[in-house]
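First up is the structure itself, then whatever we jot down about it.
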Amino acid sequence: YGINLDYALTDNLSLSLDYAESDTDRTETDIELQLGATENNIEGGSGHDFTVQLDVNQGPGAAIATILNDGGNGFEVTDPSYFNARNRGRLRARQIIRDNALDALRADLVWTRDSGAVHTVKAGVRSSSMEYFTYGGNNRESGVSQFEAADLTPGSGGNDAVTDAILANVLACADQSFPESNFLSNVRNEELITNTSSGTAVSSFATFDFDCAANAWLANYGGLAGIQLQNGITTETTDLTEDTLAFYVQADFDTEWGNYPVRGNFGIRAVDTDITSVGYRRPITVEQTEDGFFISEDSTAPFETDTQKNDYQEVLPSLTVIVDLDEDLILRSGIFRGMSRPDPASYGNGRDIQDNSGSSIGYSSLAQAIDETSATGNPYLQPILSTNVDLGLEWYPNQDTMIAGTIYWKEFNGGFENVAQPETFNIDGNEVQGFVKAVQISDKDSTIKGFEITLTHSFDYLPGFWSGFG
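When we follow the working numbering, the leftmost residue of the sequence shown carries the number 1, and every step to the right adds one.
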């Protein structure tokens with residue numbers, strides 16, 4: 001909702017106030033069923049890793065894939081019965097709830113002048129506060145949001161007989177025909193996949209009715225309804241507050257240059273942004289043996305919070321000039337400094353700890369364990385800045401037609417790069433310094449140059465519904 005107030009302070013000075021609030025909740029649910037292939041189509045077989053050769057020299061279009069296997073048993077990528085690997089079947093369910101709330105206040109002053117080239121001066125302030133919070137995202141709790149072969153019987157695990165019976169029902173959900181005709185025909189010259197053992201070449205693969213297959217995989221849980229979506233706070237939760245304060249001043253002018261009428265505006269905007277990002281962490285425990293250091297997160301302990309703050313300031317000038325070259329010919333030009341911010345989810349403060357407690361090989365040091373940690377976001381992300389220049393010409397041969405052409409040039413630092421940021425962790429009461437993998441905006445500039453042509457015509461002379469179409 002919002003409220004707006006306009007007030008004339010004097011004949012030449014007016015004030016406009018605007019306040020608005022919005023709150024958006026979005027729920028994303030992702031359920032993934034994975035099936036693995038065997039090379040011999042034997043019930044109860046283990047998943048086989050097939051070597052694939054890509055021919056990138058076959059000419060224009062997509063690379064041709066050849067499936068190489070040494071069994072000589074006729075594996076067919078289109079035959080659903082081969083996707084019966086007992087140790088590769090898995091279903092994961094993830095739900096993420098995103099809550100995005102925004103409060104914004106705007107105040108503008110407009111001063112109109114009775115004479116002079118500058119006829120209007122505008123100034124104002126913008127203040128906003130955005131809160132962004134995500135719940136959920138966990139899809140790795142066995143028998144709850146993750147179901148592998150060992151989880152197919154609630155409360156008692158699974159066994160080979162149960163898995164084989166369930167897999168048989170899953171494979172019965174195969175689609176009888178590939179759902180898309182001419183698959184990738186626009187980027188290939190021949191069939192995409194060749195099976196070496198059988199010599200067949202196809203541009204399709206085995207597909208399944210998802211609802212049927214997923215319900216069959218979860219038959220002992222009552223089907224898809226048995227999934228318990230984990231949508232509470234997790235170590236991947238993003239808890240962000242972004243406060244922005246901006247000031248601007250702009251002057252509109254209308255004058256002549258030689259015999260040509262010239263109009264436009266120039267101005268400047270100053271923006272201050274404060275970022276506060278809260279991360280939710282589990283306590284980290286460590287065990288040291290002769291094989292090294294083994295770390296894990298205590299999933300039963302309450303969350304610990306870590307708050308990181310960042311701020312940045314930018315100045316953004318702009319200039320727009322419009323020249324009437326003739327009654328039907330207009331020249332437009334502009335140059336401005338632009339700024340855009342990364343997605344709020346990019347500012348997360350979570351940490352993905354590489355738990356090696358189930359491994360036989362430990363870390364050589366606690367610092368190495370920290371160096372294997374990756375961030376779910378980066379509160380220190382900087383904005384994407386750009387310098388923009390465009391020049392356009394518009395011709396109006398009649399009142400219903402416009403022909404326009406524009407050339408433009410943009411330079412921006414829009415690339416992302418992986419960086420290692422120093423961070424101190426508390427592990428069993430020990431302060432350990434290491435480097436966390438994160439993403440940052442690159443300092444390298446990129447350039448876009450181009451042109452565009454626009455043709456518009458209003459068919460106001462057509463009858464009925466078509467009048468004015470164009």
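Glycine included, every Cβ here is placed at the ideal spot set by N, Cα and C. None of the values given here were measured: they were computed from a predicted structure.
Since residue i is in the beta strand (DSSP E), which residue starts that stretch and which ends it?
i: L455; result: S446 to H457
i: D311; result: E304 to D326
i: A85; result: It is not in any beta strand (DSSP E) - A85 carries neither H nor E in the DSSP assignment.
i: N398; result: I384 to N398
i: A104; result: R90 to T112
i: S14; result: L13 to Q34
i: T509; result: Past the edges of the chain, shown from 1 to 470, lies residue 509, and the structure says nothing about it.
i: V52; result: T51 to D55
i: T406; result: T401 to F412
i: T66; result: I64 to L68
i: N4; result: G2 to A8
Taking Cβ positions, are residue i and residue j nearer each other than 8 Å?
i: A214; j: I31; result: yes
i: S277; j: D311; result: no
i: S46; j: N84; result: no
i: G136; j: G232; result: yes
i: A545; j: F266; result: Here the chain has residues from 1 to 470 only, and residue 545 is not among them.
i: T196; j: L35; result: no
i: V77; j: F205; result: yes
i: N413; j: D390; result: no
i: D272; j: R282; result: no
i: P383; j: S340; result: yes
i: D448; j: E394; result: The residue you asked about is not Asp; residue 448 is Ile in the sequence shown. Going by C-beta atoms, I448 is not nearer than 8 Å to E394.
Starting from residue i and walking both ways along the alpha helix (DSSP H), at which residues does that stretch end?
i: T476; result: Within the shown structure, residues of the chain are numbered from 1 to 470, placing residue 476 beyond reach of any answer.
i: A213; result: F210 to W217
i: Q368; result: L366 to D371
i: V162; result: D160 to L171
Using C-beta distances below 6 Å, list every residue in its chain close to residue i, excluding the 5 sequence neighbours before and after it, in chain order.
i: N4; result: D18
i: P317; result: I268 and R337
i: S22; result: L102
i: G468; result: S458 and D460
i: I97; result: T27, Y135, G136 and N231
i: P342; result: L381
i: S127; result: L105 and L245
i: I407; result: L391 and F451
i: R90; result: Q34 and E148
i: L319; result: F266 and I335
i: N426; result: none
Within a Cβ cutoff of 8 Å, which residues of the same chain sit near residue i, ignoring the five residues on either side of it in sequence?
i: D352; result: T235, E236, T373, S374, A375 and T376
i: D12; result: Checking the displayed sequence, the identity of residue 12 turns out to be Asn instead of Asp. Correct list, in chain order: W111, T112, R113 and D114.
Kindly indicate which three-state DSSP category residue i falls into: helix, strand or coil?
i: F147; result: strand
i: P261; result: strand
i: L224; result: helix
i: N418; result: strand
i: V121; result: strand
i: N426; result: strand
i: D278; result: The question names Asp, but residue 278 is Val in the sequence shown. Of the three classes helix, strand and coil, the one that applies to V278 here is strand, per DSSP.
i: Y248; result: strand
i: N186; result: helix
i: G267; result: strand
i: F293; result: strand
i: A37; result: coil
i: A206; result: coil
i: G464; result: helix
Please go through the same chain and pick out, in chain order, the residues whose beta-carbon is closer than 7 Å to the beta-carbon of residue i, but skip the five residues on each side of it.
i: F141; result: The sequence shown places Glu at residue 141, not Phe. The residues are Q230.
i: N139; result: R92, A93, R94, S145 and Q146
i: V321; result: V262, G264 and S333
i: S296; result: T285, D355 and S357
i: N418; result: K437 and V439
Can you check whether the C-beta of residue i is within less than 8 Å of a C-beta belonging to chain D?
i: F412; result: No chain D is part of this structure, which consists of one protein chain only.
> Do three or more CB pairs link the region 246-265 to the region 287-296 at distances below 8 Å?
Replying inline: No, the region 246-265 does not touch the region 287-296.
> Are the region 152-170 and the region 179-187 in contact at 8 Å, needing three or more beta carbon pairs?
Replying inline: Short answer: they don't touch.
> Between the region 440-455 and the region 300-314, do at least 3 Cβ pairs fall closer than 8 Å?
Replying inline: No, because fewer than three Cβ pairs between the region 440-455 and the region 300-314 fall closer than 8 Å, the two stretches do not touch.
> Does the region 190-207 come close enough to the region 105-115 that 3 or more CB-CB pairs lie under 8 Å?
Replying inline: Touching, no.
>> Check whether the region 397-405 and the region 342-361 touch, using three or more Cβ-Cβ pairs below 8 Å as the test.
In response: Output reads no: the region 342-361 does not touch the region 397-405.
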